[in-house]
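As numbered in my numbering, the sequence shown has no gaps in its residue numbers, which increase by one up to the final residue, 242.
Using N, Cα and C, we set each Cβ at its ideal position, and we do this for glycine too.
Everything below concerns the one structure shown next.
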Amino acid sequence: MNSSTQTVDHPLSAKGRFGRLSYAAWTFLSSIIFFIIFFVLALSTGLFTESSSQEPNFSIFFIIVLGIIYIGFIYLSFVFTIRRLHDRNQSGWLSLLMLVPIANLFLMIYLFCAKGTEGENNFGLARITSDWEKVLGWIYIIIIPLAFIFGILAAIAIPAYQDYVQRSQQAQIEQQINQAK
Numbered sequence: 062m063n064s065s066t067q068t069v070d071h072p073l074s075a076k077g078r079f080g081r082l083s084y085a086a087w088t089f090l091s092s093i094i095f096f097i098i099f100f101v102l103a104l105s106t107g108l109f110t111e112s113s114s115q116e117p118n119f120s121i122f123f124i125i126v127l128g129i130i131y132i133g134f135i136y137l138s139f140v141f142t143i144r145r146l147h148d149r150n151q152s153g154w155l156s157l158l159m160l161v162p163i164a165n166l167f168l169m170i171y172l173f174c175a176k177g178t179e180g181e182n183n184f185g186l187a188r189i190t191s192d193w194e195k196v197l198g199w200i201y202i203i204i205i206p207l208a209f210i211f212g213i214l215a216a217i218a219i220p221a222y223q224d225y226v227q228r229s230q231q232a233q234i235e236q237q238i239n240q241a242k
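In structure tokens, the structure reads:
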């Protein structure tokens, strides 16, 4: 697809190139949209109700709609990954590594860190990154390590807190038993 003229770029098409910030921005935007839709659907089915005795109203319609939206999200993830690989002058087939555990993490790190090919490559001219893509991309790049750190801290703190609460309740019960004697 060597062309010396810049054509109209369609970000949702697998043809073309994405720089690092464009890739981050579009990945972040699609994630935000997916989670908003999921949240609205979950609210409409009562998934977040406080009553634990009431079963959530999961209908077949909810599951089908969520499945279709999730398939769309996965499709867009592949499109964005293919475009980012094109920016590195590599085949989009490498995006299938997203399906391989552990390899997908290394692929993401590679796509976020590796600089794209300067000028024109086999997949066309370099795409100009919009200002909004730069801002959203940097926000996403900052959020990723923070979420990772928060996840690790939560994985350590939550079980420790639950253990503390359990021991506290056990001590309270033992104290009540000793007072009753």
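Mind reading off the beta-carbon distance from Phe184 to Arg78? Whole number of angstroms is fine, and I expect it under 8 Å.
Between Arg78 and Phe184 the Cβ distance is about 6 Å, and since that is below 8 Å, they are a contact.
I'd like to know whether the C-beta atoms of Arg81 and Leu158 end up nearer to each other than 9 Å.
Between Arg81 and Leu158, the C-beta spacing is not below 9 Å.
Same chain, Cβ closer than 8 Å to Ile124, five either side skipped, listed in chain order:
There are no such residues.
Check whether the Cβ atoms of Val126 and Leu102 sit closer than 9 Å, and answer yes or no.
Going by C-beta atoms, Val126 is nearer than 9 Å to Leu102.
4-residue-minimum alpha helix (DSSP H) runs that sit fully inside the region 163-210, ordered along the chain
The region 163-210 contains these whole alpha helix (DSSP H) runs: 164-174.
Please identify the residue among Pro162, Gly133, Cys174 and Ile129 whose C-alpha is closest to the C-alpha of Leu146.
Taking only the C-alpha atoms, the option nearest Leu146 is Cys174.
In angstroms with no decimal places, state the Cα-to-Cα distance between Asn63 and Pro72.
Confidence at Asn63 is low in this model, with a pLDDT of 47, below 50, so its placement is unreliable and no value can be given for it.
Where Val161 falls: helix, strand or coil (DSSP)
Note: Val161 maps to coil in three-state DSSP.
With DSSP run on the structure shown, which of helix, strand or coil describes Pro220?
Helix at Pro220.
Determine whether the beta carbon atoms of Arg144 and Ala75 lie at a separation below 9 Å.
It is a contact, given that the beta carbons lie within the stated cut-off.
Reducing DSSP to helix, strand and coil, say where Leu82 ends up.
Reduced to three states, the DSSP call for Leu82 is helix.
Which same chain residues, not among the five before or five after Arg149, have their C-beta less than 7 Å away from its C-beta?
When the five nearest sequence neighbours on each side are left out, the beta carbons in the same chain lying within less than 7 Å of the beta carbon of Arg149 are those of Ala175, Gly177 and Thr178, in order along the chain.
Give the secondary structure of Leu214 by DSSP, where H, G and I count as helix, E and B as strand, and everything else as coil.
The DSSP-derived three-state label of Leu214 is helix.
Does the contact criterion of 3 or more C-beta pairs under 8 Å hold for the region 194-210 versus the region 88-95?
The answer is yes - the region 88-95 touches the region 194-210, with three or more Cβ pairs under 8 Å.
With burial defined as no fewer than 16 other Cβ atoms inside 10 Å of the residue's Cβ, what is the status of Arg228: buried or exposed?
Result: exposed.
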